[in-house]
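Student: Residue numbers (my numbering), protein chains in the order written: chain A, 1 to 277; chain B, 1001 to 1224.
Backbone N, C-alpha and C fix where the C-beta goes; we use that ideal spot for every residue, glycine too.
Got a structure for you, written out below as structure tokens; questions coming shortly.
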Amino acid sequence: MKKGREIHGRPRRLRLTALPAALAAVLLLVLLPAPARASGQLTIAAAADLQYAMHALIVKFERQTGAHVRLVLGSSGNITTQIEHGAPYDLFFSADVEHPEILKREKLIVPGSLRRYAVGRLVVYVPKGSKLDFAREGLAALTDPSVQKIAIANPRFAPYGRAAVAALRHVGLYERLRPLIVLGEDVSQTTQFVVSGNAQAALTALSLMFAPGTRSRGNYWIVPAADYPPIEQAVVIVGRSTEKPLAQAFLHFAASSEGRSIFRDYGFTVPAPEKGQ
Amino acid sequence: MNWQALALTLRLSLITAGSLLVIGLPLAYWVAFSRRRWKFLLQTATSMPLVMPPTVLGFYILIAFGSSSPLGRLYQRWTGHTLAFTFTGLVVGSILYSLPFAVQPLVNAFVSIDPRLIDASRVLGASRLRTFFRVILPLSASGIATTIALTFAHTFGEFGVVLMVGGDIPGVTRTISIDVFDLVEAGRYGQANITSLVLLAVSFTVLALVYWWNRRAWPRTPWA
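Written as structure tokens, this is what we have:
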């Protein structure tokens, strides 16, 4: 403490020389050109319901081709906005057909690349130990007084949310259950509301039921496909892509019997191959 | 323009700002005047929401509200419903999220008071409480105004926490920032733009009023 003054002087001088050096380092980092993207690297943007299926597809594809694939997950609406503003994606796997159609109309995709690759399926997800008997009562089980909150994805922009509303309307329960409905930003958040114990049921994507954390914390029941319009999902190659051949190769792989069986394993229905493929 | 969301957000911001003033005054008093060695820990804790991403805070709030946490279960037994997806839940989340914006300006105001004035009040026989209300508070007027304005504006523009625990229920938890998010997601940029402009205008007005008021308040301080 007595020598305080002498010792104090030094670090202060040190800091004065350190500051410009730190500034220079930051400047260098900012000004240096970003490392060029290695060729053979594919960036895929995919809707949240695809996270597990897409992961499995990518692992297999990388093993077969040696290419490197980056996966960006988001809502179809958000990814569309990002592509409109120049996001560097090569492929966009949407959870609907509308958003790829919008990009097609705006001429932001490789002409002719829009293709329907899978149909999503809606489930009711409830926490472990829930006494709701969907097998016997169907969606009407949601009218049980123990259900205080039902999570669905936001029907204003999430395809599974629209399907959920359609399914509840189909069984004539939408108006009655409406006060209980809370909205998730996408199917992931919707599922999360049940996992965290805040909602007693969620109408969400079958494809998310394959996550270990989801499976161990709850049970699901598949909503009959006849109760809601099919959740058709389409993919496009982004027009700005610098890796079009590789993107094309990934699409071929996804449409191969191997790729189709992966989609099926992760809870999607896969349409018959389109003509000319 | 979604007037319902605007009214809801105004209500949330006012309640949060009021609650934070009540909570912030004793907390800030303690931080400013305590001589405890570990008071820096309290200071750190109250500042944490500044560096914590709203998603982290929202995530923990969601877990704490849920039926898997003792706290959540206790609340559920009391009221019959969970705290998530309710307006009260948003108030709790907002109070935690804006806590530093209440405590910091108040601490700054308290420590900048001439200690001789506080000593004089005590020597003249006023209790700590009386000193607080008759000396410290009046001299902290600009800090209090800053606290109200910052917590109000911060809550008004809050997004992450509300997104995580709100559940986007119209009239209950769909605040104006969530409404903008929904509009952008749905591709309705025109409406998103109008709503955003209203949000900006309200925030600007509130902050401008406070800075204008503070500008008058400063020269009146006795030691300047």
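Please tell me whether B/S1094 has its Cβ less than 8 Å away from any Cβ of chain A.
Tutor: no
Student: How far does the beta strand (DSSP E) with A/V236 in it extend, from its first residue to its last?
Tutor: I231 to I237
Student: Using a cut-off of 8 Å between C-beta atoms, extract the partners of A/R156 located in chain B.
Tutor: Those are D1182, E1185 and A1186, listed as they occur along chain B.
Student: Three or more C-beta pairs closer than 8 Å, one from the segment 200-216 of chain A and one from the segment 147-154 of chain A: is that the case here?
Tutor: With a cut-off of 8 Å on Cβ pairs, the segment 200-216 of chain A is in contact with the segment 147-154 of chain A, counting three or more such pairs.
Student: To be precise: take each residue of the segment 1151-1172 of chain B, compare its Cβ to all Cβ atoms of chain A, and keep it if any distance is under 7 Å. Which residues remain?
Tutor: L1163, G1167, D1168 and I1169
Student: Quick check: is the beta carbon of A/M1 nearer than 8 Å to any beta carbon in chain B?
Tutor: Annotation note: pLDDT 43 at A/M1 (below 50); position unreliable, coordinate value reported separately. Not an interface residue.
Student: Within the segment 1072-1118 of chain B, note down every full alpha helix (DSSP H) run reaching 4 residues or more, in order along the chain.
Tutor: Within the segment 1072-1118 of chain B, the complete alpha helix (DSSP H) runs of at least 4 residues are 1087-1111.
Student: Is there a Cβ of chain A sitting closer than 8 Å to that of B/L1012, yes or no?
Tutor: Closer than 8 Å: no.
Student: Tell me where the alpha helix (DSSP H) around B/A1017 begins and ends.
Tutor: W1003 to F1033
Student: For B/V1107 and B/T1205, I'd like the C-alpha separation in whole angstroms.
Tutor: 25 Å
Student: Run through the DSSP bridge pairs and tell me what A/I83 is partnered with.
Tutor: According to DSSP, which records beta bridges pairwise, A/I83 is partnered with nothing at all.
Student: Helix, strand or coil for A/N154? Go by DSSP, reduced to three states.
Tutor: coil
Student: If you draw a straight line from the C-alpha of A/K131 to the C-alpha of A/V124, how long is it?
Tutor: 13 Å
Student: Which residues in chain B have a C-beta closer than 8 Å to the C-beta of A/N219? List them in chain order.
Tutor: Under the 8 Å cutoff, chain B gives no residues; its nearest Cβ is about 16 Å from A/N219.
Student: Given a threshold of 16 other Cβ atoms within 10 Å of its Cβ, counted over all protein chains shown, does A/S188 qualify as buried or as exposed?
Tutor: buried
Student: Hey, would you say A/A140 sits closer than 8 Å to A/L173, going by beta carbons?
Tutor: Contact flag set, yes.
Student: What are the start and end residues of the beta strand (DSSP E) that includes B/G1143?
Tutor: Counted as a single uninterrupted DSSP element, the stretch harbouring B/G1143 is not any beta strand (DSSP E) but the alpha helix (DSSP H) occupying residues A1141 to F1156.
Student: Between which two residues does the alpha helix (DSSP H) carrying B/V1161 extend?
Tutor: G1160 to V1165
Student: Short of 7 Å in beta carbon distance, which residues of its chain neighbour A/F210, apart from the five on each side in sequence? Order them along the chain.
Tutor: Y52, Y266 and G267
Student: Taking the straight line between their C-alpha atoms, what separation do you get for B/L1096 and B/P1049?
Tutor: 7 Å
Student: A/Q64 bridges to which residues according to DSSP?
Tutor: In the DSSP output, where bridge partners are listed per residue, A/Q64 has none listed.
Student: List the residues that DSSP assigns as beta-bridge partners of A/L122.
Tutor: Partner(s): A/A205.
Student: Taking C-beta to C-beta, are A/Y228 and A/L122 nearer than 8 Å?
Tutor: Against a cut-off of 8 Å, the Cβ pair of A/L122 and A/Y228 comes out as a contact.
Student: Residues of chain B with CB under 7 Å from A/S81, in chain order?
Tutor: For the sequence presented, residue 81 of chain A should be read as Thr rather than Ser. The contacting residues are V1184.
Student: Count the other C-beta atoms from every protein chain shown that fall within 10 angstroms of the C-beta of B/N1193, then say buried if there are 16 or more, exposed otherwise.
Tutor: exposed
Student: Identify, in the order they occur along the chain, each residue of the same chain with its Cβ nearer than 6 Å to the Cβ of A/A205, setting aside the five sequence neighbours on each side.
Tutor: D49, G120, Y160 and V187
Student: Would you say B/T1082 reaches chain A, if we count a Cβ-Cβ gap shorter than 8 Å as a contact?
Tutor: yes
Student: Examine the Cβ distances between the segment 1173-1182 of chain B and the segment 1156-1163 of chain B and report whether three or more of them are shorter than 8 Å.
Tutor: yes
Student: Does the structure place the segment 1082-1093 of chain B close enough to the segment 1020-1038 of chain B that three or more beta carbon pairs sit under 8 Å?
Tutor: no
Student: Taking C-beta pairs closer than 8 Å, name the residues in chain E that A/Q51 reaches, listed in chain order.
Tutor: Protein chains in the displayed structure are A and B, and chain E is not among them.
Student: For B/T1046, name the three-state secondary structure that DSSP assigns.
Tutor: B/T1046 falls in the helix class under three-state DSSP.
Student: Looking at C-alpha atoms only, which residue of A/P179, A/F193, A/H99 and A/N78 is the closest neighbour of B/M1164?
Tutor: A/F193
Student: Hey, which unbroken runs of the beta strand (DSSP E) at 3 residues or more fall wholly within the segment 154-187 of chain A?
Tutor: 181-184
Student: DSSP on A/T242, reduced to helix/strand/coil?
Tutor: coil
Student: Report yes or no: is there a C-beta of chain B within less than 8 Å of the C-beta of A/K128?
Tutor: Cβ-Cβ to chain B under 8 Å: no for A/K128.
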